[in-house]
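All remarks here apply to the structure that follows.
Protein chains: 2
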Amino acid sequence: MYYVYPHSLTIWLIYLVNIMASTTFSETELQILAAALEEFSMHGRQGARMQCIADRAGLNKALLHYYFRSKDRLYEEVFTYVFHTYFFQLADTLRAEGDFPTVLRAFIHRYVDMLNENPALPMFLLREVAEGAPVFSRRLPEIVQANPLGMPKLLLALFEESSRSGESRKTDPFQTLISIMGACIYFFAGFPIFSTLIPELRDRRDQLIEERKDHIFELVYYGLKPRTE
Amino acid sequence: MYYVYPHSLTIWLIYLVNIMASTTFSETELQILAAALEEFSMHGRQGARMQCIADRAGLNKALLHYYFRSKDRLYEEVFTYVFHTYFFQLADTLRAEGDFPTVLRAFIHRYVDMLNENPALPMFLLREVAEGAPVFSRRLPEIVQANPLGMPKLLLALFEESSRSGESRKTDPFQTLISIMGACIYFFAGFPIFSTLIPELRDRRDQLIEERKDHIFELVYYGLKPRTE
DNA sequence: GTCTATATCTCGATAGAC
DNA sequence: GTCTATCGAGATATAGAC
Chain E
87 MYYVYPHSLT IWLIYLVNIM ASTTFSETEL QILAAALEEF SMHGRQGARM QCIADRAGLN
147 KALLHYYFRS KDRLYEEVFT YVFHTYFFQL ADTLRAEGDF PTVLRAFIHR YVDMLNENPA
207 LPMFLLREVA EGAPVFSRRL PEIVQANPLG MPKLLLALFE ESSRSGESRK TDPFQTLISI
267 MGACIYFFAG FPIFSTLIPE LRDRRDQLIE ERKDHIFELV YYGLKPRTE
Chain L
87 MYYVYPHSLT IWLIYLVNIM ASTTFSETEL QILAAALEEF SMHGRQGARM QCIADRAGLN
147 KALLHYYFRS KDRLYEEVFT YVFHTYFFQL ADTLRAEGDF PTVLRAFIHR YVDMLNENPA
207 LPMFLLREVA EGAPVFSRRL PEIVQANPLG MPKLLLALFE ESSRSGESRK TDPFQTLISI
267 MGACIYFFAG FPIFSTLIPE LRDRRDQLIE ERKDHIFELV YYGLKPRTE
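Residue numbers (our numbering), protein chains in the order written: chain E, 87 to 315; chain L, 87 to 315.
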C-alpha cells in the first residue's frame, strides 16, 4: 500500500499491489482519514476521541470501526500516510537539477508551502515522537527498506556535496538539516503564541509566510557561505 | 516566583503576592507538578492519566485531587510554571551587557542548555498550542500585564537594534526570532526520528548538542551580517 | 496528610436491526 | 453499508478510615 521505491522485484510487486489497494480508499474512508488526522494532531493518540472523529467526518462512531477495526489501527493508517507525505513526497525537490542555491531555495519554498497547506502534519509527527514513537519504531524497518533515500538523507547529501565543492563552508550537515527544518516548522508551531503576545502579527500571517521562504534561504545560504576574513 | 520585572507599583504588588503564593508549594506539590509536566508533555491534556502522574510522583491518585482539586486545575498550574520558565526566566540573558554577537551567543547557549535540561517544556507548550491554546488564551491578560518584557520582545529589540546600528543587515526581526528558536527547539523535537533513520547519530547526542550552540550562532550571525557584494 | 475502596461517568467497541 | 442501543473497561473524582 505504501511501499515506495522498492529495492527488489518481490517488494516491487507487493508495492504495486499495495498501490492498487491504497487507491481503492473509498470516499468515506478518505473522509475518515482526514478527520482522524485533524483529531489526532490536535489531541494525540490517547487524547483523540472516536466520537469527535466521527463528528468531523459527518458519520457515526460505528462506521469508524467498520472501516478501521480499532482506534489503534486507524492511527496507524494515518501515521503511514503522514510519514510518507512528510518524508518522501518532499524528496522530489531535492532530486531536481541545479546548483546548490537553486536546489536549496526550491526545497525551502516547497517545504514551507507544504507545511502551510498541511498544518496538521508536523504536529502529528511531533506527538508521535513525544509519546515515545511506538508506531514509528515498529514500522521503521519496512519504511527504511522501502525508502532508502528519503528527504533527510537527500538533504544531508546536498550539504555534503556543497561543502566538498566549496560552495559552502565546512559544517556538520546534520546540524544544518536541523536548523533549516526547525526554521521552517517552528513558524507554524509558534505563530499562535507569538501572534497573541504581539497582536500586530495576526493580520500579517500570509505575508509573513511568503516572506519567510526567502528569509530562511538567505539566512542559511549566506550563513553557510565560505568567509574570507 | 515567576512575575519578573513588573512595570508599575500595582503590578509590583501583585507580583510580590504571587511570589508568596507560588513559593509556598510544598515538596509534595512540587513532586506532583514535575510528574504532571512529564505526563502532560508526553500524552497531552486529555491523554494524560492521573494514575500515571501519581505513579511518577510516587504517591496515590487521591493526593493529586487533595492538592489540586481536578485534572484541569493541575494542568493550569503546570502551564503557568512552564510558561514563565520558558518565556521569562530566559529573558535575563538578553538584558546582559555586551555587543550584538556576545549577547546573541549567550542567549543561544543558554537556550539550548535550558532545552537540554528541560526537554518536556517545549513539547508541553506545543501541545497546548495544538489543542487550540485554551489555557494560554484565558491566562494571557494577566501574564502579559505582569510580564511586559519577556524573552520574545527582548529578542526582537536585540535584532532591531543590531539592524539600526549596522551590525546586521535589514531583516524582519520576527523572522529571525522564529528561525533561531526553531533551530534551537527542533533538535530536541526531531532527534528521536533522525537518530532512528540515521543510527550513527545516536551515540553522538551530547556532542551534537554542544556543537549545536556555535553552529546556530555562526549560521545566524554570519547569515545576518551585512554583505558587500 | 495519606491511603483504600468505591461511586460516577466517559469512551472504545460490538450486537443487531434495517 | 449505515445506524441505534448498549456493554464493559478504564478513567476521574470522592467518601471515609486512619
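Backbone N, C-alpha and C fix where the C-beta goes; we use that ideal spot for every residue, glycine too. Bear in mind the structure is a predicted one, so any value in this text is a computation, not a measurement.
Next on the checklist: Is the beta carbon of E:Val-306 closer than 8 Å to that of L:Gln-276?
Outcome noted: Correcting the residue identity first, residue 276 of chain L is Gly in this sequence and not Gln. Cβ distance not < 8 Å, so L:Gly-276 and E:Val-306 don't count as in contact.
Checklist entry - Whose C-beta lies closer than 7 Å to the C-beta of E:Gly-252 among residues of the same chain, with five residues either side of it excluded? => result Pro-312
Checklist entry - In whole angstroms, what is the alpha-carbon distance linking E:Leu-145 and E:Arg-135? => result 14 Å
Item to check | L:Gln-132 at chain E interface by Cβ criterion, 8 Å | outcome: yes
Checklist entry - How would you write the range of the alpha helix (DSSP H) that L:Gln-293 sits in, first residue to last? => result 291 to 310
Checklist entry - Mind checking E:Thr-341: buried by the 16 CB within 10 Å criterion, or exposed? => result Any question about residue 341 of chain E goes unanswered here, given that chain E covers just 87 to 315.
Checklist entry - How far does the alpha helix (DSSP H) with L:Asn-202 in it reach, from first residue to last? => result 186 to 203
Next on the checklist: Counting C-beta neighbours from all protein chains within 10 Å, is the total for E:Thr-179 16 or more, i.e. buried, or is it exposed?
Outcome noted: buried
Checklist entry - At a CB-CB cut-off below 8 Å, which residues of chain L make contact with E:Asp-258? => result Leu-294, Glu-297 and His-301
Item to check | For L:Ser-112, the nearest candidate out of L:Phe-154, L:Arg-131 and L:Gln-132 (CA to CA) | outcome: L:Phe-154
Checklist entry - Going along the chain, which unbroken runs of the alpha helix (DSSP H) with 4 or more residues stay wholly within the region 116 to 193 of chain E? => result 136 to 143, 147 to 154, 157 to 170 and 177 to 180
Item to check | Range of the contiguous alpha helix (DSSP H) that encloses E:Arg-224 | outcome: 220 to 232
Next on the checklist: Buried or exposed for E:Thr-96, going by 16 or more other Cβ atoms inside 10 Å?
Outcome noted: For E:Thr-96, the predicted structure reports a pLDDT of 37, less than 50, and the residue's modelled location is therefore unreliable. A value from the coordinates is still provided. The residue is exposed, with fewer than 16 neighbouring Cβ atoms inside 10 Å.
Next on the checklist: Between which residues of its own chain and E:Leu-176 is the CB-CB distance below 6 Å, once the five residues before and five after are set aside?
Outcome noted: Met-237
Checklist entry - Does the Cβ-Cβ distance between E:Arg-131 and E:Glu-217 come in under 8 Å? => result yes
Checklist entry - Beta-carbon separation of E:Ile-264 and L:Phe-273 under 8 Å? => result yes
Checklist entry - Quick one: what's got a C-beta closer than 6 Å to E:Pro-208's C-beta in the same chain, skipping five residues either side? => result Ile-271
Checklist entry - DSSP state of L:Ala-107, grouped into three classes? => result Residue placement at L:Ala-107 is poorly supported in this model, since its pLDDT is 46, which falls under 50; the coordinates still yield a value, given next. Helix at L:Ala-107.
Next on the checklist: Taking the straight line between their C-alpha atoms, what separation do you get for E:Leu-149 and E:Ser-156?
Outcome noted: 11 Å
Next on the checklist: I'd like to know if L:Ile-384 contacts chain E, where contact means its C-beta is closer than 8 Å to some C-beta of that chain.
Outcome noted: Because chain L in this structure spans residues 87 to 315, residue 384 of chain L falls outside the shown range and cannot be described.
Checklist entry - Exposed or buried, E:Tyr-161, counting other C-beta atoms within 10 Å across all chains shown (16 or more means buried)? => result buried
Next on the checklist: For a cutoff of 8 Å on Cβ pairs, would you count E:Val-306 as touching chain L?
Outcome noted: yes
Checklist entry - Distance, Cα to Cα, E:Leu-123 vs E:Phe-169? => result 12 Å
Checklist entry - Helix or strand or just coil, what does DSSP make of E:Arg-313? => result coil
Item to check | Contact residues within the region 224 to 235 of chain L, judged by C-beta distance below 8 Å to chain E | outcome: Leu-226 and Val-230
Checklist entry - At what residues does the alpha helix (DSSP H) containing E:Thr-262 begin and finish? => result 259 to 283
Checklist entry - Using a C-beta cutoff of 8 Å, does L:Thr-110 count as contacting chain E? => result no
Checklist entry - In this structure, does DSSP put E:Arg-250 in helix, strand or coil? => result helix
Checklist entry - Using a C-beta to C-beta distance shorter than 8 Å, which residues of chain E count as neighbours of L:Ile-139? => result Within 8 Å Cβ-Cβ: nothing; L:Ile-139 doesn't reach chain E, min ~14 Å.
Item to check | Reference E:Arg-196; option with closest CA among E:Ser-281, E:Phe-173, E:Val-215 and E:Glu-214 | outcome: E:Phe-173
Checklist entry - Taking 8 Å as the CB-CB cut-off, is L:Ala-219 touching chain E? => result yes
Next on the checklist: Using only CA atoms, which one of L:Asn-204, L:Glu-297, L:Thr-114 and L:Ile-284 lies nearest to E:Pro-227?
Outcome noted: L:Ile-284
Checklist entry - In the structure shown, what three-state DSSP assignment does L:Arg-255 receive? => result coil
Checklist entry - Which residue comes first and which comes last in the alpha helix (DSSP H) that contains E:Leu-207? => result 206 to 216
Checklist entry - In whole angstroms, what is the alpha-carbon distance linking E:Pro-220 and E:Phe-165? => result 11 Å
Item to check | Outcome for E:Gln-137 when other beta-carbon atoms lying within 10 angstroms are tallied against a minimum of 16 | outcome: exposed
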